[in-house]
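For the sequence shown, the UniProt record's numbering assigns the number 1 to the initial residue and increments by one for each residue that follows.
From the three backbone atoms N, C-alpha and C, an ideal C-beta is built for every residue, glycine too.
As the structure is a prediction and not an experimental result, all values here were calculated from the model.
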Amino acid sequence: MVYRFRVILDAEEDVFRDIEMLQESTLEDLHNTIIQSFGFDGTEMASFYASDDNWNQGEEFSQFDMGGEVRLMNETSLDSVLSEDNTKMIYVYDFLNMWTFLVELAEIADPEDSIDYPNLMFVHGQIPNAAPEKEFIGESEEGSAEFDDDFDIDDYDNLSFDENWN
1 MVYRFRVILD
11 AEEDVFRDIE
21 MLQESTLEDL
31 HNTIIQSFGF
41 DGTEMASFYA
51 SDDNWNQGEE
61 FSQFDMGGEV
71 RLMNETSLDS
81 VLSEDNTKMI
91 YVYDFLNMWT
101 FLVELAEIAD
111 PEDSIDYPNL
121 MFVHGQIPNA
131 APEKEFIGES
141 EEGSAEFDDD
151 FDIDDYDNLS
161 FDENWN
């Protein structure tokens with residue numbers, strides 16, 4: 001089967017690519033196709049993240065084994081993480097600049113003999129010269145401590161611990 005994706009740059013401008021991949025392709029294959037279709041040189045690290053319908057970031061699929069229990073892109077096939085019920089992933093390229101893409105499985109279709117996969121089906125928009133600015137907002141939980149705007153780290157007299165604790 002063929003997985004048809006829309007890969008959208010998370011920015012105000014409409015910039016996206018429609019890509020076809022064989023279902024047995026790996027996330028590393030999808031990573032390589034994305035960087036080529038958007039014109040990146042591929043020298044920066046990247047990760048995929050599982051996502052729910054509201055684009056909340058879930059399990060990481062890393063490009064390299066950095067220790068821990070993260071699954072690797074080259075060992076993870078598309079059909080093992082994506083299906084008609086699980087259609088969304090987040091892709092981050094270049095963790096310094098945080099190029100962030102929303103990857104959505106739009107359709108599962110039969111392969112065509114006349115097409116070589118992966119296949120770049122459609123291109124819309126030009127990637128900007130710099131990654132779009134991101135505003136990182138944490139979720140507040142009921143009963144969690146709020147940040148104190150009046151906190152002065154140099155005010156040792158009013159800290160709530162003994163400064164000679166060791």
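Just the C-alpha distance for residue i and residue j, rounded to the nearest angstrom, thanks.
i           : j      : result
Glu12       : Glu133 : 10 Å
Val15       : Gly68  : 34 Å
Asn97       : Asn129 : 11 Å
Asn56       : Leu105 : 16 Å
Asn54       : Glu107 : 19 Å
Gly125      : Leu9   : 10 Å
Glu84       : Ser51  : 14 Å
Glu60       : Gly39  : 24 Å
Leu78       : Asp41  : 23 Å
Asp113      : Asp65  : 36 Å
Val103      : Asp29  : 14 Å
Ala131      : Ile35  : 14 Å
residue 178 : Asn32  : Within the shown structure, residues of the chain are numbered from 1 to 166, placing residue 178 beyond reach of any answer.
Trp99       : Gly58  : 17 Å
Ser80       : Val2   : 14 Å
Assuming residue i contacts residue j under a Cβ cut-off of 8 Å, what Cβ separation, rounded to an integer in Å, is found between them?
i      : j      : result
Val7   : Phe122 : In fact, because the Cβ distance is near 11 Å, the residues do not count as touching under 8 Å.
Ser109 : Arg17  : Checking the displayed sequence, the identity of residue 109 turns out to be Ala instead of Ser. Not a contact, Cβ separation roughly 17 Å.
Thr87  : Leu27  : With a Cβ gap of about 15 Å, Thr87 and Leu27 do not count as contacting.
What does the Cβ neighbour count give for residue i, buried or exposed, with the cut at 16 atoms within 10 Å?
i     : result
Met73 : buried
Ser62 : buried
Leu37 : Per the sequence presented here, residue 37 reads as Ser, with Leu not at that position. Ser37 is buried by the Cβ-count criterion.
Quick one: what does DSSP say residue i is sitting in, helix, strand or coil?
i      : result
Ser25  : coil
Phe122 : strand
Phe64  : coil
Met73  : helix
Phe95  : coil
Thr33  : helix
Gln40  : For clarity, residue 40 is Phe in the given sequence; the question names Gln instead. Coil at Phe40, not helix or strand.
Asp79  : helix
Ser47  : strand
Met1   : coil
Ala106 : strand
Glu59  : strand
Q.
With a threshold of 8 Å, are at least 3 pairs of Cβ atoms found where one atom belongs to the region 41-57 and the other to the region 87-97?
A. yes
Q: Examine the Cβ distances between the region 17-32 and the region 103-117 and report whether three or more of them are shorter than 8 Å.
A: yes
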